[in-house]
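The numbering used here applies: residue 19 is where the sequence shown begins, and numbers increase by one. Yeah, the Cβ is synthetic: ideal placement off N, Cα and C, and Gly gets one too. A quick note: this is a predicted structure, and the numbers were derived from the prediction, not measured. Quick notes on the structure that follows.
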Amino acid sequence: MIEMIDVWKTYPNGVMALNGIDIHIDKGEFVYVVGSSGAGKSTFIKCMYRQEKPTKGNIIINGKSLTKVKERNIPYLRRQIGIVFQDFKLLPKLTVYENVAFALEVIEESPKVIRKQVMETLELVGLKNKARFLPDELSGGEQQRVSIARSIVNRPHVVIADEPTGNLDPETAWGIMEVFEEISNRGTTVVMATHNKEIVNTIKRRVIAIEGGRIVRDEKRGVYGYDETPDPLSTH
């Protein structure tokens with residue numbers, strides 16, 4: 019599903035962000051990407067949707083090489099990948115329904131398909147009753163749910179989330195994680211960069227830890243840090 023083969027990334031200022039990354043992520047896996055600020059985590063994530071292009075190496079998603087795709091074809095490539103950002107990136111003058119529908123309109127889906135898939139997706143993220151609301155009429159957690167809905171409405175095989183709970187309070191963050199769990203349970207591959215130790219230590223999934231641009235740890239049911247264990251009294 020996702021494969022990185024000897025991936026290196028050096029920025030023009032000489033900073034080496036990725037240093038020989040080799041990784042394979044299977045269809046339907048839920049993967050956390052963890053690491054300190056400056057470790058290379060964001061570059062790792064951005065390379066997966068061609069926001070950044072590796073200096074060397076190859077990245078393959080769904081059998082297609084991201085490093086070989088031409089610039090003009092990148093928007094088409096991204097249609098197969100759902101992307102969720104920390105800061106939502108909603109269109110402020112469009113309603114919840116219109117923000118989500120936009121992802122299907124740009125690929126020229128029929129109005130009938132758009133309405134069906136948008137309403138099904140809004141129901142999945144718990145916002146079916148707020149379809150006519152504008153973004154500034156929603157809470158931060160609700161705005162993030164709209165962002166998630168927009169990323170999955172065209173039913174991509176892969177969802178990449180970059181710190182999706184970073185701007186949310188703890189209770190709201192747990193609600194967002196329930197949505198990602200449901201997405202994962204439906205067979206979508208989820209790759210999530212996060213600093214949230216409690217979530218990683220409680221909802222056990224594969225953990226890829228990056229430091230100095232290298233993968234220093236890859237555990238099937240890992241924790242945030244080497245010496246951490248989840249709180250046995252946690253109810254989440």
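Secondary structure at residue i, three-state DSSP: helix, strand or coil?
i: T139; result: helix
i: Y115; result: helix
i: F48; result: strand
i: N91; result: helix
i: S83; result: strand
i: L219; result: Note on identity: in this sequence residue 219 is Asn, with Leu being the wrong assignment. Helix.
i: N214; result: coil
i: I226; result: strand
i: V33; result: coil
i: K71; result: coil
i: I77; result: strand
i: V131; result: helix
Using beta-carbon positions only, say whether residue i and residue j come within less than 8 Å of one another.
i: R97; j: N172; result: yes
i: G75; j: V25; result: yes
i: F260; j: S165; result: Past the boundaries of the shown model lies residue 260; the chain is included only from 19 to 254, so the question cannot be answered.
i: R239; j: K222; result: yes
i: K148; j: E138; result: no
i: G38; j: R232; result: yes
i: V225; j: E237; result: yes
i: N214; j: A191; result: yes
i: P174; j: I79; result: no
i: P110; j: D154; result: yes
i: T73; j: K146; result: no
i: G243; j: A57; result: no
i: Y115; j: V131; result: no
i: T113; j: L156; result: no
Check whether the Cβ of residue i lies closer than 7 Å to any heavy atom of the ligand MN, and answer yes or no.
i: R173; result: The model depicted lacks the ligand MN and carries no ligand whatsoever.
Starting from residue i and walking both ways along the alpha helix (DSSP H), at which residues does that stretch end?
i: G158; result: 158–170
i: I6; result: Since the first residue of the chain shown is 19 and the last is 254, residue 6 is not available in this structure.
Since residue i contacts residue j with CB under 8 Å, what's their CB separation in whole angstroms?
i: F62; j: L95; result: Contact doesn't hold; Cβ gap of about 18 Å is too wide.
i: R168; j: A121; result: 5 Å
i: K59; j: A211; result: 5 Å
i: V177; j: I201; result: 6 Å
i: N219; j: V241; result: 5 Å
i: V209; j: V143; result: Going by Cβ atoms, the distance from V209 to V143 rounds to 19 Å, so no, they are not a contact pair.
i: I77; j: M19; result: The pair is not a contact, with the Cβ atoms about 12 Å apart (cut-off 8 Å).
i: K45; j: T207; result: 6 Å
i: G158; j: L186; result: 6 Å
i: P182; j: Q162; result: 6 Å
Beta strand (DSSP E) containing residue i: first to last residue?
i: N203; result: Per DSSP, N203 belongs to no beta strand (DSSP E); it is in the alpha helix (DSSP H), 188–203.
i: M22; result: 20–28
i: A109; result: The sequence shown places Leu at residue 109, not Ala. Careful: L109 lies outside any beta strand (DSSP E) and carries neither H nor E.
i: R235; result: 232–237
i: A179; result: 176–180
i: I101; result: 99–102
Determine, using beta carbons only, whether residue i comes closer than 8 Å to chain B.
i: D236; result: The chain inventory of the structure shown lacks chain B, comprising one protein chain alone.
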